[in-house]
Every structure is written in structure tokens, then in C-alpha cells.
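Chains as they are written, first to last, in my numbering: chain A, 1 to 115; chain B, 1001 to 1144.
Structure record follows, encoded as C-alpha cells.
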Amino acid sequence: MDIKVDVRQTDGTHGVSVVDLNGEIDVYTSPKVKETITELIDKGHYALVINLENVRYIDSTGLGVLIGGLKRVREHSGTVHLVCTNPQIKKIFDITGLAKIFGIFDSEQAACASL
Amino acid sequence: MRQPVSHAQSGSNQTRRVELHIPAEPEWVGVARLTAAGIASRLDFSIEDLEDLKLAVAEACNCCIQNGGDGDLSMACELQSDRITIAVERRGALSKPGARPPASGDDAELGGLGVFLIRALMDDVVYSSDQTGTRLTLIKRLGK
């Protein structure tokens, strides 16, 4: 049970950082995700796309990290969009009401285009 | 791997009980959730139900770790013909005196959101937290 975190800057879209997550985001692994997102924001990246396509599991600590990131970028008029097609994970966003707060897209292209 | 138990077919009303004791540390929560799902898969739960159960158990463990106590985490799973009952407990005094889970999902803090998810995903939840420890009992029934 681990999480792999990669960060990319998209070509052609000014200022969009894509965070690719692969694995499980839980109480053990979420600090690593938080560290990456915090570092990006500290460096002035306020338009974030977080790709959850390869995330198999997320718990409340993972949701908390995403919420924290969104709060911080909004202070700079930025936003966080998510890429997610996993029905189980989308269900968690629906249950918690977070689907109304985050932009959730089926593809990275759509998420970047809407920023 | 044994085949899932169908109590409706076997006619058995026997309760099967499995206990797990793990350190109350984040890296062990995954063991608890996967164990719970493996035990629950002995009944005819859907994949979606098993995923719900995994998340609820993990959140219960998180709650016990966060609210405190000084002991290990224990998880007791009881399989009956139509349900699984999972009791997660950490003994010892609270590290956050008076800590209680909120009743709604308005609080995005870890404990609040976690317990909100447990209540949303499970059929019944009983929570107690006092100076002897923190306990959450989760019940998931078949076909609900």
C-alpha cells in the first residue's frame, strides 16, 4: 500500500500543474500527497489538476488533503480540478458533497481546458 | 481460498468471530481494512458493499487512532447469516478529552468527515468514547 506522486507542467496551457497520483490515498500515504501539493502552492502554482485515474482508494484524510489544497489556491483566485472516472471514488465525492465543490472531469484534457 | 459462505443455502445461523490486534499506527490501518473485506467476502456482499466496508473500517481505525488511548487497535468481526458486525476499539484514556464525532458532514476535519462517511456507508453505527477507550461498532447487512 503506497502512493506514487508525479508532477508535470502541461504544454500549451499557461500555469497548469498536473499531479498524477497512483496507488492508495489513506492516513498513511496522504502526508506525501499533502507535501507535494503544499510545495506546488508555495511555489506559486495555483491552477492544479489532480489526476486520480490510477487511485484505487481514498479515505477522509485524502479528501482532507484535497480540500486543504483547494482552500489554499482559492486564496490566490486559483482552483483545483480532479480527473476521476472510478465509480467508487466518485461515489465518495458525491456522498460528502465534495463533487459540488471540486470540478471533477473524465479526462485530463477536459480538466485542463476548463481552468 | 474458500468459496463464499451462503448461509441461506447451508441453513447455518452460527456466528463466526475473527479478531485482529494491530499497532495503533497509520501504516497498519490498511491491514485492518483488507482483513475486514476478506472476512466480509465470506458472505454474498457485492463488490461495492465490500469497498464501502473497507472505507468504513479504515475510518473507524483512523477515529480510534486520532481520539486516542494508549493501547493497540483491536478489531472483532462477527459474521452472521445476514450481516457482518465489526467492532473497532482502542483502549486507554482519550488523548483529546471530550472528543466526540460530529453528527453531520459539515465539519471537514478528519474525524468529522470520517465518521460522516461511516454513517453514510454502514447500516448501523454505535460509537462510544470515554476514559476507558474509543469504540465503534459497524453493522452491514446483506441486500441493503
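For every residue, glycine included, the Cβ atom is placed at its ideal position computed from N, Cα and C.
Item, Value
"Whole-angstrom C-beta distance between residue 1059 of chain B and residue 1115 of chain B, which should lie under 8 angstroms", "7 angstroms"
"According to DSSP, residues forming a beta bridge with residue 48 of chain A", "A:17 and A:80"
"Where residue 1124 of chain B falls: helix, strand or coil (DSSP)", "strand"
"Interface flag, residue 1018 of chain B vs chain A, CB-CB below 8 angstroms", "no"
"Under 8 angstroms between C-beta atoms of residue 51 of chain A and residue 108 of chain A", "yes"
"DSSP state of residue 1131 of chain B mapped onto helix, strand, coil", "coil"
"Residue 1076 of chain B beta carbon less than 8 angstroms from that of residue 1017 of chain B", "yes"
"Within 8 angstroms, strictly: CB atoms of residue 1031 of chain B and residue 1062 of chain B", "no"
"Between the CA atoms of residue 30 of chain A and residue 44 of chain A - distance to the nearest angstrom", "21 angstroms"
"Collapsed DSSP secondary structure at residue 1112 of chain B in the structure displayed", "helix"
"Bridge partners - residue 109 of chain A, DSSP secondary structure assignment", "BP columns for residue 109 of chain A are empty, so no partner."
"Close-in-space but distant-in-sequence residues of the same chain around residue 1034 of chain B (CB under 8 angstroms, 5 per side omitted)", "1054"
"Residue 103 of chain A beta carbon less than 8 angstroms from that of residue 76 of chain A", "no"
"Which listed residue (B:1078, B:1027, B:1129 and B:1026) has its alpha carbon closest to that of residue 1015 of chain B", "B:1078"
"Residue of B:1036, B:1013, B:1142 and B:1048 minimising C-alpha distance to residue 1087 of chain B", "B:1036"
"Close-in-space but distant-in-sequence residues of the same chain around residue 22 of chain A (CB under 6 angstroms, 5 per side omitted)", "4 and 54"
"Members of the region 1017–1036 of chain B near chain A, C-beta cut-off 7 angstroms", "1026, 1027, 1029 and 1030"
"8 angstroms Cβ cutoff met for residue 66 of chain A and residue 19 of chain A", "no"
"Residue 1109 of chain B classed as buried or exposed, judged by whether at least 16 other C-beta atoms fall within 10 angstroms", "Residue placement at residue 1109 of chain B is poorly supported in this model, since its pLDDT is 44, which falls under 50; the coordinates still yield a value, given next. Under this definition residue 1109 of chain B is an exposed residue."
"Cβ of residue 1048 of chain B within 8 angstroms of any chain A Cβ", "yes"
"For residue 23 of chain A, the three-state DSSP class (helix, strand or coil)", "strand"
"Beta-carbon proximity list for residue 1006 of chain B, same chain, < 7 angstroms, skipping 5 on both sides", "Here the model assigns residue 1006 of chain B a pLDDT of 49, short of 50, so the residue's position is not dependable, and the following value carries that caveat. 1044."
"Endpoints, the beta strand (DSSP E) within which residue 4 of chain A is located", "3–9"
"According to DSSP, residues forming a beta bridge with residue 1077 of chain B", "B:1018 and B:1086"
"Where residue 85 of chain A sits in the DSSP three-state scheme", "coil"
"Beta-carbon neighbours of residue 1092 of chain B, restricted to chain A and to distances below 8 angstroms", "What residue 1092 of chain B touches in chain A: nothing, since even the nearest Cβ is about 19 angstroms away."
"Below-8 angstroms beta-carbon distance, residue 52 of chain A vs any chain B residue", "no"
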